[in-house]
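S.K.: A single structure is presented below for examination.
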Amino acid sequence: MLDYKLLEALAVVVDQGGFERGAHYLGLTQSAVSQRIKLLEARLGQPVLVRAPKLAPTPLGRRLLNHVQQVRLLEHDLLDQIPALGEREQRLRLAINADSLATWWSPTTGDFCRRQGVLLDLIVEDQDVALKRMRDGEVAGCICATPRPVQGARAHALGSMRYRAIASPGYVSRHFSEGLTHDALRKAPAIVFGPDDRLQHRYLEMRGYKESFPHHLCPSSEGFVHLALAGMGYGLIPERQVERELREGRLVDLDADSYIDVPLYWHHWRHGGDTLDALTAHLLDMSSAWLMPPSPEAQPLL
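Going by numbering that gives the first Met the number 0, 161 is the number at position 162 of the sequence shown; the sequence numbering is gapless.
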């Protein structure tokens, strides 16, 4: 049988990003936590952590972290029958893309968290790579653009976020006075969320442009909008996020006939317990008020 004190040490070290912070969280010495990890590795006959160049779980460590996450969720379901197990508040560690966090996530989940006494530990990750967090055992659920779940999880289509090419009126007059020509696209600074963000590239390819382009990198949804308002560049922004700015004329749509709909899927562990199941039902019920409807063929995937 697995020793859950050893597994908890592994989970906390990974969650806290190091042995020292993990030891402080557990109220133990760093040496004691290190000994627990070494004992776990000795019993399993292989390493669970890579220490250098950066602390990270091994493939076995990731499988154990998945297991620990699901055990925590299932144990919480027993509190009504066994109050001595721990605190009633449940903490869910989830990965979510920044644009969802900046638009629909809070108004959709706020009431649920208050009613259920749930605390969220959110990791902000691009929608195209958030699933890696689940695969690595770091989160119990995630929002991503990938329909196929990892082993042991389920995926549900929530809907789509509509992105449009947005800029300030002054920026448009400076760079696109003659329209979105290839020469203008080659010179006009764009705004890109980060190195994993391919929305800008997809938009330009829709217009037949496949060359390089100057761009700012801004890994913040709110900062992204501020850069556009300041006339520093144009970029793909969720139309929900800038409804007021568009109405007031502080931002404009570069091309009203072109947009990109990014499908969003909610992934969660199949055996994640009642709280995770309740959150899933809540998201499926409430997300329709904020997202474009999912395509008819989008079905829950096992």
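Glycine included, each C-beta is placed from N, C-alpha and C at the ideal position. Small disclaimer: the values here were computed from a predicted structure and weren't measured.
Does the Cβ-Cβ distance between residue 152 and residue 266 come in under 8 angstroms?
M.R.: Yes, they are a contact pair.
S.K.: Applying the criterion that 16 or more other CB atoms from any shown protein chain within 10 Å of the CB defines a buried residue, is residue 95 buried or exposed?
M.R.: Residue 95 comes out buried.
S.K.: Where does residue 146 fall in DSSP's three states?
M.R.: Here residue 146 sits in coil by DSSP.
S.K.: Leaving out five residues on either side along the sequence, give the residues of the same chain with a beta carbon under 6 angstroms from the beta carbon of residue 100.
M.R.: Excluding sequence neighbours, residue 100 sits near nothing in its chain.
S.K.: Between 165, 191 and 222, which has its C-alpha nearest residue 179's C-alpha?
M.R.: Cα-wise, what sits closest to residue 179 is 165.
S.K.: Report the three-state DSSP secondary structure of residue 155 (helix, strand or coil).
M.R.: Three-state result, residue 155: strand.
S.K.: Less than 8 angstroms between the beta carbons of residue 223 and residue 190, yes or no?
M.R.: Their beta carbons are under 8 angstroms apart, which means residue 223 touches residue 190 by this criterion.
S.K.: Among the residues of its own chain, which have a CB less than 7 angstroms from the CB of residue 38, if the five just before and after it don't count?
M.R.: Here the set comprises 5.
S.K.: Kindly confirm or deny that the segment 216-231 and the segment 242-254 touch, where touching means at least three C-beta pairs closer than 8 angstroms.
M.R.: Segments in contact, yes.
S.K.: Nearest to residue 263 by alpha carbon, out of 232, 161, 16 and 143?
M.R.: Comparing Cα-Cα distances from residue 263 to each of 232, 161, 16 and 143, the minimum goes to 143.
S.K.: Measure the CB-CB distance between residue 303 and residue 34 and report whether it falls below 8 angstroms.
M.R.: Summary: the structure shown does not reach residue 303, with the chain confined to residues 0 through 301, and so no result is reported for it.
S.K.: Could you say which of 261, 215, 279 and 270 lies nearest to residue 194 if we only look at CA atoms?
M.R.: If we check each option's Cα against that of residue 194, 215 comes out closest.
S.K.: In angstroms, rounded to a whole number, what distance separates the CA positions of residue 12 and residue 22?
M.R.: Computed Cα separation, rounded: 8 angstroms.
S.K.: So, is residue 110 buried or exposed, given that buried needs 16 or more other C-beta atoms within 10 angstroms?
M.R.: By the 10 Å Cβ count, residue 110 comes out exposed.
S.K.: Provide the residue span of the alpha helix (DSSP H) that contains residue 89, from first to last.
M.R.: Looking at the DSSP string, residue 89 is not in any alpha helix (DSSP H); the run it does join, the beta strand (DSSP E), is 89-95.
S.K.: Assuming residue 41 contacts residue 25 (C-beta within less than 8 angstroms), just tell me the rounded distance between them.
M.R.: That pair is no contact at about 20 angstroms.
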